[in-house]
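Chemist: The sequence shown begins at 2 in my numbering and counts up by one.
The structure follows.
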Amino acid sequence: MTDAGVRWVRVSRGLYLLGIGTFMLLTTQDVLPWSFWNEALAYWPVILVAIGVRLAFERSPLPALVLLGPLLLLGTLMYVALRGPGPAESAGEWLPLRTERPAAVSAWTLEGRLALAKLDLTSRRLPRGVLLEGRTAEIGRGSVRLSEGAGPGIVRLTNTWNDRTPLVLPGARRARCELGVTTAVPVTLDLDLALTTTRLDAASSPPARVALAGALNDVRLRLGAPTADVRLDLEGAFNRVVLEIPAATPVRVSREGFLNVVDDRHAGRERATRDGSAEGGPGGAPGYRLSLKGAFNRVVVRSW
């Protein structure tokens, strides 16, 4: 082997170390998820070809043949990183959460720890700029914004690698995300997920309607004084539901199933019932119509 050939072999080995070290650094800094390596292993035939090319042409005097192996390997890793997480496989029932709000409102906050999640924002027309910001253990930090080339009502994910990827939160069971709506936009929010805990803070501007169906551990809704009756539909199995509203706002409750309702605004009055209704506050004022269907361990109504 000539001196030039030896130099190119060293360059090839350096590319292997530099490339793999770079991707390891990206995963340790939460820029890439650790599941990235599992997805990269799905391309093991390409990795075998890259190793074979290196062994076959290591002593070749042609630089292109010497560098072909590391370029194949690093190109495959780059493709997996740019492609993003694969499609989620559902491990059970998904929970639909639908929240509707009027056009002119202040910003809301929607936070939760979730797995198996997909999120769609739709509207007649959305403003450009950041609509939602989030953090997750799987994909690091990301934000949702209306892309410059997208049509009205199209929301896409902006992350470190690609700003043209539709928003699909990772489906691994260990994935945990926090979402916060940061921009007041006239949207209908459809969030299909399996939630462990969630909190909706709309105290400054109450929603027009909220509907949750599925199985949740802990739900907290902080709502403001409505200008018209607002319907809150909860259906499924809930361990704990906390509704925080202004003290003078009436709440009308309809029940189907076994549940405990505690109204802290009325000296801790507690009821365990299978059906019926309850009211609080002045009956003629606009309020919340809370519809409960299923099994509820505890439903608490509080003032803020």
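Glycine included, every Cβ here is placed at the ideal spot set by N, Cα and C.
Keep in mind it's a predicted model, so treat the numbers as computed, not measured.
1. Please report the distance separating the alpha-carbon of Tyr289 from that of Leu83.
2. Does the distance from the CB of Glu257 to the CB of Gly295 come in under 9 angstroms?
3. What did DSSP end up calling Leu63 once you bin it into helix, strand or coil?
4. Over what stretch of residues does the beta strand (DSSP E) that includes Ala216 continue unbroken?
5. By the three-class DSSP mapping on this structure, what secondary structure does Ala238 have?
6. Mapping the DSSP letters down to three states, classify Ser13 as helix, strand or coil.
7. Taking CB distances under 9 angstroms as the criterion, tell me whether Arg241 reaches chain B.
8. Quick check on DSSP: helix, strand or coil for Gly288?
9. Tell me the residue span of the alpha helix (DSSP H) that contains Trp45.
10. What are the residues that DSSP puts in a beta bridge with Ile21?
11. Start and end of the alpha helix (DSSP H) containing Trp35?
12. Suppose the cutoff is 8 angstroms on Cβ atoms and the five residues either side in sequence are ignored; what does the same chain contact list for Gly225 look like?
13. Could you check whether Leu78 and Phe24 sit closer than 9 angstroms to each other, using their CB atoms as the reference points?
14. Roughly how far, in whole angstroms, is the beta-carbon of Val81 from the beta-carbon of Gly70, given that I think they are within contact range, below 8 angstroms?
15. Please state if the CB of Arg266 and the CB of Leu304 are separated by a distance shorter than 9 angstroms.
16. Rounded to whole angstroms, how far is the Cβ of Leu33 from the Cβ of Leu42, which I believe are closer than 8 angstroms?
17. Taking the straight line between their C-alpha atoms, what separation do you get for Phe37 and Thr29?
18. Assign Trp9 to buried or exposed, taking buried as 16 or more other Cβ atoms, counted over all protein chains shown, within 10 Å of its Cβ.
19. Identify every residue that forms a DSSP beta bridge with Leu244.
20. How should Pro230 be labelled, buried or exposed, when 16 other C-beta atoms within 10 angstroms of its C-beta is the threshold for buried?
21. Would you report the Cα separation of Ser255 and Leu233, rounded to the nearest angstrom?
22. Please say whether Val211 and Val300 have beta carbons closer to each other than 9 angstroms?
23. Tell me whether Leu18 is buried or exposed, calling it buried when 16 or more other Cβ atoms sit within 10 Å of its Cβ.
24. Using beta-carbon positions only, say whether Leu68 and Ile48 come within less than 9 angstroms of one another.
25. Sorted by chain position, which residues of the same chain lie with C-beta nearer than 8 angstroms to Pro227's C-beta, five sequence neighbours on each side aside?
26. Count the other CB atoms within 10 Å of the CB of Ala238; is the residue buried (16 or more) or exposed (fewer)?
Modeler: On the basis of the data shown:
1. 46 angstroms
2. yes
3. coil
4. 210–224
5. strand
6. helix
7. Looking for chain B here will not work: only one protein chain is present.
8. coil
9. 45–58
10. Paired residues: none, contrary to the question.
11. Per DSSP, Trp35 belongs to no alpha helix (DSSP H) and is neither H nor E.
12. Ala203, Ala204, Ser205, Ser206, Pro207, Ile246, Pro247
13. yes
14. 17 angstroms between Cβ atoms; not a contact.
15. According to the sequence provided, residue 304 is Ser. The question's Leu does not apply to it. Cβ distance < 9 angstroms, so Ser304 and Arg266 count as in contact.
16. Wrong, their Cβ atoms sit about 14 angstroms apart, outside the cutoff.
17. 11 angstroms
18. buried
19. Leu222, Val302
20. Note that residue 230 is Asp in the sequence shown, not Pro. Per the 10 Å Cβ criterion, exposed.
21. 10 angstroms
22. no
23. exposed
24. no
25. Pro207, Thr250, Pro287, Gly288, Tyr289
26. exposed
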